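Trainee: Using the UniProt record's numbering, the letters of the first sequence map in sequence onto residues 1 to 502. C-beta: ideal position from N, C-alpha, C; glycine also. Computed from a prediction, not measured in an experiment: that's the story for all the values here.
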Amino acid sequence: MLRRKINRRVTKTKTNTVFLHLSPPLHRFFLSCPNFITQSTSALDTAAAATDIATLVLESDPKSLRGSLHGLQLQFTPELVDKVLKRLWFHGPKALQFFKHLEYHPSYAHSASSFDHAIDIAGRMRDYKTVWALVARMRARRIGPSSKTFAIIAERFVAAGKPDRAIKVFLSMREHGCPQDLHSFNTILDILCKSKRVEMAYNNLFKVLRGKFKADVVSYNIIANGWCLIKRTPKALEVLKEMVERGLTPTITTYNILLKGYFRAGQLKEAWEFFLQMKEREVEIDVVTYTTMVHGFGVVGEIKRARKVFNEMVGEGILPSTATYNAMIQVLCKKDSVENAVLMFEEMVKKGYVPNLTTYNVVIRGLFHAGNMDKAMEFIERMKTDGCEPNVQTYNVAIRYFCDAGDVEKGLSMFEKMGQGSLPNLDTYNVLISAMFVRKKSEDLVVAGKLLLEMVDRGFIPRKFTFNRVLNGLLLTGNQAFAKEILRLQSKCGRLPRQFKL
DNA sequence: TTAGGGTTAG
Numbered sequence: 001m002l003r004r005k006i007n008r009r010v011t012k013t014k015t016n017t018v019f020l021h022l023s024p025p026l027h028r029f030f031l032s033c034p035n036f037i038t039q040s041t042s043a044l045d046t047a048a049a050a051t052d053i054a055t056l057v058l059e060s061d062p063k064s065l066r067g068s069l070h071g072l073q074l075q076f077t078p079e080l081v082d083k084v085l086k087r088l089w090f091h092g093p094k095a096l097q098f099f100k101h102l103e104y105h106p107s108y109a110h111s112a113s114s115f116d117h118a119i120d121i122a123g124r125m126r127d128y129k130t131v132w133a134l135v136a137r138m139r140a141r142r143i144g145p146s147s148k149t150f151a152i153i154a155e156r157f158v159a160a161g162k163p164d165r166a167i168k169v170f171l172s173m174r175e176h177g178c179p180q181d182l183h184s185f186n187t188i189l190d191i192l193c194k195s196k197r198v199e200m201a202y203n204n205l206f207k208v209l210r211g212k213f214k215a216d217v218v219s220y221n222i223i224a225n226g227w228c229l230i231k232r233t234p235k236a237l238e239v240l241k242e243m244v245e246r247g248l249t250p251t252i253t254t255y256n257i258l259l260k261g262y263f264r265a266g267q268l269k270e271a272w273e274f275f276l277q278m279k280e281r282e283v284e285i286d287v288v289t290y291t292t293m294v295h296g297f298g299v300v301g302e303i304k305r306a307r308k309v310f311n312e313m314v315g316e317g318i319l320p321s322t323a324t325y326n327a328m329i330q331v332l333c334k335k336d337s338v339e340n341a342v343l344m345f346e347e348m349v350k351k352g353y354v355p356n357l358t359t360y361n362v363v364i365r366g367l368f369h370a371g372n373m374d375k376a377m378e379f380i381e382r383m384k385t386d387g388c389e390p391n392v393q394t395y396n397v398a399i400r401y402f403c404d405a406g407d408v409e410k411g412l413s414m415f416e417k418m419g420q421g422s423l424p425n426l427d428t429y430n431v432l433i434s435a436m437f438v439r440k441k442s443e444d445l446v447v448a449g450k451l452l453l454e455m456v457d458r459g460f461i462p463r464k465f466t467f468n469r470v471l472n473g474l475l476l477t478g479n480q481a482f483a484k485e486i487l488r489l490q491s492k493c494g495r496l497p498r499q500f501k502l
């Protein structure tokens with residue numbers, strides 16, 4: 001009971017007081033509480049325990065953390081450790097400290113999955129020395145590294161703008177005791193293609209190694225999709241030709257990739273002709289094909305054609321999926337009217353479909369956009385009663401539109417409602433902080449400052465621009481003391497303008 | 001973490 005209370009204090013956010021910490025006595029109680037998690041734990045208990053431990057890690061003195069962790073009367077499990085690492089995602093150094101302390105735990109040994117998480121975190125911090133040290137330790141313990149581990153590392157290199165190093169990682173797998181196969185080959189190709197490095201994937205990897213790994217339909221599809229992602233449909237078509245020449249039969253996925261590629265490149269005519277060709281060649285058109293068509297026509301405002309395709313699929317005996325409805329509803333919102341979108345929503349419900357998070361978010365955004373705030377809020381309530389919890393996007397949309405409409409209070413009250421499954425992200429803070437400037441009130445600027453403190457506390461680094469803006473605002477409204485505090489924070493975050501020195 | 005469809009505005 002008391003644990004729940006503590007939890008709530010720690011995780012709930014209040015705008016005006018901003019981020020509550022455990023008071024020292026409660027903290028001590030928490031540490032000494034012997035049964036706050038028992039041997040047999042439900043998923044809910046694991047989640048709660050993960051939150052508690054993450055808080056403990058964040059608030060403990062680094063020197064005493066190891067002792068605190070080892071002293072806890074609870075059985076660590078791989079699931080629990082993974083959850084804690086996820087909670088500490090934005091606190092890389094702390095997360096790695098936690099991981100390291102547990103490596104020396106008397107009765108717990110890390111799983112491969114936790115190693116992968118830790119490697120992911122170190123990679124995100126671009127701390128490659130730690131990445132490879134962890135890989136070596138995994139190997140020493142004979143629990144990896146696996147192809148998944150290498151996929152994670154490659155992905156991190158690509159995200160850091162080093163695709164060539166990602167390729168090297170793939171090529172070095174065997175040296176680290178991990179066999180390569182067609183699977184891992186396709187994975188690295190996909191990682192490169194999804195980051196729009198298709199040229200490199202094709203020339204430096206695919207062309208060189210497709211013989212060795214016996215490239216299959218999946219490999220070719222990945223490359224074709226890569227070209228489509230950068231709107232180079234002729235190259236994708238070449239790949240299609242090439243695979244046929246090599247005796248591989250394109251699948252429906254191949255065709256759908258090309259079709260989507262045409263729409264993405266704005267080649268409506270080609271898309272339509274390609275669709276007709278698919279029919280002529282008696283390719284087994286599926287629900288993805290139709291969804292692509294509905295969405296493709298809809299986004300360019302061809303609502304009638306989108307509707308026609310939608311109706312046609314039913315005639316062909318192919319049932320729309322929730323994704324198909326989502327596509328239709330989205331384009332109705334954007335290019336037709338939100339009223340018709342709502343009608344479509346009700347129609348799908350009547351037919352027995354269960355709207356998902358995307359469905360709700362699309363309708364809610366449409367309603368806000370049309371200025372129908374009340375109805376949008378009704379839908380937010382409706383999704384909750386439907387057992388579909390609003391996520392960070394739902395809240396961000398609501399906050400953004402309320403603030404844009406000048407109703408800062410409503411925006412703030414939406415922010416306060418955000419909870420466990422929908423914690424604020426960088427976007428949320430940016431929108432809110434900007435909104436604190438519209439009324440030009442001194443109190444608002446203090447709130448902006450507090451939001452800034454809170455976002456840093458949660459591992460988000462504000463832009464220099466945001467810092468300066470808040471700083472100037474506070475100075476102009478006579479909040480000198482608070483401005484000083486913000487300036488110290490700015491320095492800590494390495495976001496200080498050059499002329500400043502503390 | 002081997003491939004294809006549906007969520008953002010500025």
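Quick check on the DSSP output: the alpha helix (DSSP H) that includes residue 325 runs from which residue to which?
Mentor: Here the alpha helix (DSSP H) through residue 325 covers 322-335.
Trainee: Name the residue from 238, 154, 218, 210 whose alpha carbon lies nearest to the alpha carbon of residue 197.
Mentor: Residue 154 is the option with its Cα nearest to residue 197.
Trainee: Say whether the stretch 270-287 touches the stretch 238-245, bearing in mind that this needs 3 or more beta-carbon pairs closer than 8 Å, one atom from each stretch.
Mentor: Verdict: no, contact absent.
Trainee: Is the stretch 314-334 close to the stretch 348-359, with three or more CB pairs under 8 Å?
Mentor: Because the criterion of three Cβ pairs below 8 Å is met, the stretch 314-334 and the stretch 348-359 touch.
Trainee: Can you give the Cα-Cα distance for residue 429 and residue 74, rounded to whole angstroms?
Mentor: Their Cα atoms are separated by approximately 36 Å.
Trainee: On a CA-only basis, which of 314, 315, 310 is nearest residue 327? Give me that one, please.
Mentor: The residue with the shortest Cα to Cα distance from residue 327 is 310.
Trainee: In three-state terms, what does DSSP make of residue 145?
Mentor: In this structure, residue 145 counts as coil in the three-state DSSP scheme.
Trainee: Given residue 53, which residues of its chain have a CB within under 7 Å of its CB, disregarding the five upstream and five downstream residues?
Mentor: Closer than 7 Å at Cβ, skipping near neighbours: 84.
Trainee: What would DSSP say about residue 28, mapped onto helix, strand or coil?
Mentor: A caution first: residue 28 carries a pLDDT of 39, below 50, which makes its placement in the model unreliable, though a value can still be read off. In the structure shown, residue 28 sits in a helix (DSSP, three-state: H, G or I).
Trainee: Measuring straight from C-alpha to C-alpha, what distance separates residue 44 and residue 215?
Mentor: Distance between the alpha carbons of residue 44 and residue 215 is about 44 Å.
Trainee: Measuring alpha carbon to alpha carbon, tell me which residue in 175, 337, 272 is nearest residue 308.
Mentor: Residue 272 is the option with its Cα nearest to residue 308.
Trainee: On a Cα-Cα basis, can you pick out the residue from 100, 192, 51 that is closest to residue 63?
Mentor: The shortest C-alpha separation from residue 63 is found at 100.
Trainee: Ignore the nearest five residues each way along the sequence and tell me which others in residue 252's own chain have a CB closer than 8 Å to its CB.
Mentor: 283, 284, 285, 286, 288, 289, listed in sequence order.
Trainee: Work out the CA separation of residue 347 and residue 256 for me, nearest whole Å.
Mentor: The alpha-carbon atoms of residue 256 and residue 347 are separated by roughly 27 Å.
Trainee: Which word fits residue 503, buried or exposed, when buried means at least 16 other C-beta atoms lie within 10 angstroms of its C-beta?
Mentor: For residue 503 there is no data in the structure shown, the boundaries of the chain being 1 and 502.
Trainee: Just the Cα atoms here: how many angstroms apart are residue 452 and residue 462?
Mentor: Going by the C-alpha atoms only, they are around 7 Å apart.
Trainee: Tell me which residues share the same chain as residue 34 and place their Cβ nearer than 7 Å to its Cβ, disregarding the 5 neighbours each side in the sequence.
Mentor: Interpretation of residue 34 is limited by its pLDDT of 38, a score under 50 that renders its predicted location unreliable; the figure taken from the coordinates is listed afterwards. The answer, listed in chain order, is 73.
Trainee: Taking only runs of the alpha helix (DSSP H) that begin and end inside the stretch 277-317, which ones reach a length of at least 4 residues, in chain order?
Mentor: Those alpha helix (DSSP H) runs which fall completely within the stretch 277-317 and span 4+ residues are 287-299, 303-315.
Trainee: May I have a chain-ordered list of the alpha helix (DSSP H) segments no shorter than 4 residues that lie completely inside the stretch 352-384?
Mentor: Correct list: 357-369.
Trainee: In angstroms with no decimal places, state the Cα-to-Cα distance between residue 173 and residue 78.
Mentor: Distance between the alpha carbons of residue 173 and residue 78 is about 25 Å.
Trainee: I'd like to check one pair, residue 156 with residue 123: are the Cβ atoms closer than 9 Å?
Mentor: Yes.
Trainee: Return the first residue and the last residue of the alpha helix (DSSP H) that residue 226 is part of.
Mentor: Segment 217-229, the alpha helix (DSSP H) holding residue 226.
Trainee: Rounding to the nearest angstrom, what Cα-Cα distance links residue 199 and residue 365 in this structure?
Mentor: The alpha-carbon atoms of residue 199 and residue 365 are separated by roughly 37 Å.
Trainee: Evaluate residue 469 with the Cβ neighbour count: other Cβ atoms within 10 Å of its Cβ, from every protein chain shown; 16 or more gives buried, anything less gives exposed.
Mentor: Under this definition residue 469 is a buried residue.
Trainee: Residue 396 lies in the alpha helix (DSSP H); which residues open and close that run?
Mentor: Unbroken alpha helix (DSSP H) run through residue 396: 392-404.
Trainee: Quick one: using the 10 Å Cβ neighbour count with 16 as the cut-off for buried, is residue 104 buried or exposed?
Mentor: By the neighbour-count rule (16 or more Cβ atoms within 10 Å), residue 104 is not buried but exposed.
Trainee: Quick one: what's got a C-beta closer than 6 Å to residue 511's C-beta in the same chain, skipping five residues either side?
Mentor: Outside the modelled stretch of the chain, which goes from 1 to 502, sits residue 511, for which no answer is possible.
Trainee: Does residue 480 pass the burial test, meaning 16 or more other C-beta atoms within 10 Å, or should it be called exposed?
Mentor: Exposed.
Trainee: Report buried or exposed for residue 259, applying the criterion of at least 16 other Cβ atoms within 10 angstroms of its Cβ.
Mentor: So residue 259 counts as buried.
Trainee: Can you give the Cα-Cα distance for residue 151 and residue 126, rounded to whole angstroms?
Mentor: Cα-Cα distance, rounded: 15 Å.
Trainee: Using a threshold of 9 Å, state whether the C-beta atoms of residue 57 and residue 88 are closer than that.
Mentor: The answer is yes: Cβ separation under 9 Å.
Trainee: Report the CB separation of residue 372 from residue 338 in whole angstroms; it is logged as a contact under 8 Å.
Mentor: Contact holds; Cβ gap of about 7 Å.
Trainee: Please name the residue, chosen from 49, 478, 467, that lies closest to residue 492 on a Cα-to-Cα basis.
Mentor: For the residues 49, 478, 467, the minimum Cα distance to residue 492 belongs to 467.
Trainee: Alpha carbon to alpha carbon, what distance is there between residue 191 and residue 162?
Mentor: Going by the C-alpha atoms only, they are around 12 Å apart.
Trainee: Residues in its own chain within less than 6 Å of residue 227 by CB, not counting five upstream and five downstream?
Mentor: Same-chain partners within the cutoff: 198, 235, 236.
Trainee: Quick one: Cα of residue 426 to Cα of residue 380, how far?
Mentor: Approximately 22 Å between the Cα atoms of the pair.
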